[in-house]
Amino acid sequence: MMQQQQQAVRSQASRRPNVLILLLLALLVAAALTVYSFRDTIFAYWDAPPVDTPVEEPPVDTPVAPVEEPPGSDPVDAEPPAAEEPPTVEEPPAVEKPPAAENPAADPPAAVRQLANGDDLLALVTKETSLGKYEPTDLVTIPAEMGLYDTRYQLRAEAYQQLRAMWEEARDAGVDFYVTSAYRSYATQKRLFNNYAAKHGEKAANKFSARPGQSEHQLGTTVDLAVPGHVLASSFGGTTPGRWLAENAYRYGFIMSYPEGSTGITGYIYEPWHFRYIGVEHAAACRESGLILCQYLEQQPQQWQ
Numbered sequence: 032m033m034q035q036q037q038q039a040v041r042s043q044a045s046r047r048p049n050v051l052i053l054l055l056l057a058l059l060v061a062a063a064l065t066v067y068s069f070r071d072t073i074f075a076y077w078d079a080p081p082v083d084t085p086v087e088e089p090p091v092d093t094p095v096a097p098v099e100e101p102p103g104s105d106p107v108d109a110e111p112p113a114a115e116e117p118p119t120v121e122e123p124p125a126v127e128k129p130p131a132a133e134n135p136a137a138d139p140p141a142a143v144r145q146l147a148n149g150d151d152l153l154a155l156v157t158k159e160t161s162l163g164k165y166e167p168t169d170l171v172t173i174p175a176e177m178g179l180y181d182t183r184y185q186l187r188a189e190a191y192q193q194l195r196a197m198w199e200e201a202r203d204a205g206v207d208f209y210v211t212s213a214y215r216s217y218a219t220q221k222r223l224f225n226n227y228a229a230k231h232g233e234k235a236a237n238k239f240s241a242r243p244g245q246s247e248h249q250l251g252t253t254v255d256l257a258v259p260g261h262v263l264a265s266s267f268g269g270t271t272p273g274r275w276l277a278e279n280a281y282r283y284g285f286i287m288s289y290p291e292g293s294t295g296i297t298g299y300i301y302e303p304w305h306f307r308y309i310g311v312e313h314a315a316a317c318r319e320s321g322l323i324l325c326q327y328l329e330q331q332p333q334q335w336q
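Quick note: the sequence shown uses the numbering used here, first residue 32, plus one each step.
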């Protein structure tokens with residue numbers, strides 16, 4: 032009897048693993064059926080992007096203004112690069128002072144010679160002379176197609192006609208250049224100089240900005256020319272348009288006012304973009320003489336006040 036009971040216990044023990052295996056198989060089958068039944072929901076969850084994560088979109092082509100490359104040295108009337116500022120030190124608040132209505136230092140010193148006739152194409156405009164508040168009376172607007180930006184520039188009629196002829200011939204030769212500055216009034220030049228003097232100090236401003244009355248742009252016969260990437264930059268002189276202008280501008284009455292190596296004479300840096308109209312005959316004579324423009328004009332009759 033005892034032997035039969037022991038055999039029954041062993042038989043039950045041997046069947047227990049089989050039961051566990053069957054239970055595990057049943058659970059696996061149930062899990063598989065569950066996954067299969069909800070497969071679309073599960074896969075959609077896996078494929079969906081994380082919540083609150085922005086989906087990157089392709090960039091939109093937005094027109095960007097041409098980037099100006101930094102010139103080799105600071106151009107006249109162009110603000111110099113900002114110097115690195117030292118760490119800020121907390122100081123007691125300064126007593127507020129009313130701003131000056133206008134910076135009198137912007138005006139040329141009284142000792143400079145005053146020109147009597149700004150209409151004269153050969154008027155000598157330097158750091159030692161002044162046009163006063165002269166304003167041309169025959170300004171015309173330069174067509175937008177000739178400008179690099181949307182600004183509407185102006186020149187005196189004769190200077191514009193010659194500039195247009197030069198621009199069209201250059202285009203026919205496959206050379207493109209654009210106007211970036213032309214006539215500037217006394218008031219505009221004064222505002223520019225005052226802003227620079229207030230920000231950088233009068234001494235520093237005088238190194239890169241002409242005082243009002245002493246800018247050739249006030250004549251209405253001077254233009255700044257450029258191509259994208261070479262605006263108010265000495266590198267413009269090495270471009271195809273820059274070289275073309277240096278060789279051909281005189282044929283239309285234009286002379287580069289501040290050529291390379293003339294800083295000691297003019298007081299201004301090399302500006303291969305700055306051309307002044309003085310008439311075809313005088314431009315040819317100036318080129319043939321080998322003189323800097325201001326030297327040539329010093330030899331011409333001037334009208335002083």
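C-beta: ideal position from N, C-alpha, C; glycine also.
Distance CB(residue i)-CB(residue j) smaller than 8 Å
i, j, result
"ALA277", "GLY268", "yes"
"THR252", "LEU153", "no"
"PHE285", "ARG307", "yes"
"GLN334", "LEU146", "yes"
"GLN193", "TYR283", "yes"
"TYR165", "GLY178", "no"
"ALA188", "VAL171", "yes"
Residue i classed as buried or exposed, judged by whether at least 16 other C-beta atoms fall within 10 angstroms
i, result
"ASP203", "exposed"
"ASN225", "buried"
"GLN249", "buried"
"THR84", "The predicted position of THR84 is uncertain, since its pLDDT is 38 and thus under 50; no value can be drawn from it."
"PRO243", "buried"
"SER320", "exposed"
"PRO176", "Here residue 176 turns out to be Glu, not Pro, going by the sequence shown. That one is exposed."
"ILE337", "Residue coverage of the chain in this structure runs from 32 to 336, which leaves residue 337 outside it and unanswerable."
"GLY292", "exposed"
"ILE323", "buried"
Given residue i as reference, the closest of the options once Cα atoms are compared
i, options, result
"TYR289", "VAL254, GLY244 and PRO243", "VAL254"
"ARG215", "LYS230, LEU186, ALA235 and ALA229", "LEU186"
"THR182", "LEU153, VAL311 and SER212", "SER212"
"CYS325", "ARG274, THR157, HIS313 and LEU162", "THR157"
"ALA315", "TRP304, HIS305 and TYR327", "TYR327"
"GLY298", "ASN279, ALA57, GLY273 and SER240", "SER240"
"VAL311", "ALA280, GLN245, LYS230 and GLN333", "ALA280"
"HIS261", "PHE208, GLY292, ALA229 and LEU223", "PHE208"
"HIS305", "PRO167, THR219, LEU263 and GLN336", "LEU263"
"PRO272", "LEU58, PRO303 and PRO174", "PRO303"
Where the beta strand (DSSP E) containing residue i begins and where it ends
i, result
"TRP304", "302-308"
"GLN185", "185-187"
"TYR214", "Neither: TYR214 is in no beta strand (DSSP E) and is coded neither H nor E."
"THR172", "170-172"
N-terminal and C-terminal residue of the alpha helix (DSSP H) that residue i is part of
i, result
"VAL311", "311-320"
task = Mind listing, in chain order, the continuous alpha helix (DSSP H) runs of no fewer than 4 residues lying wholly within the segment 221-279?
result = DSSP runs (the alpha helix (DSSP H)) wholly in the segment 221-279: 233-239 and 271-279.
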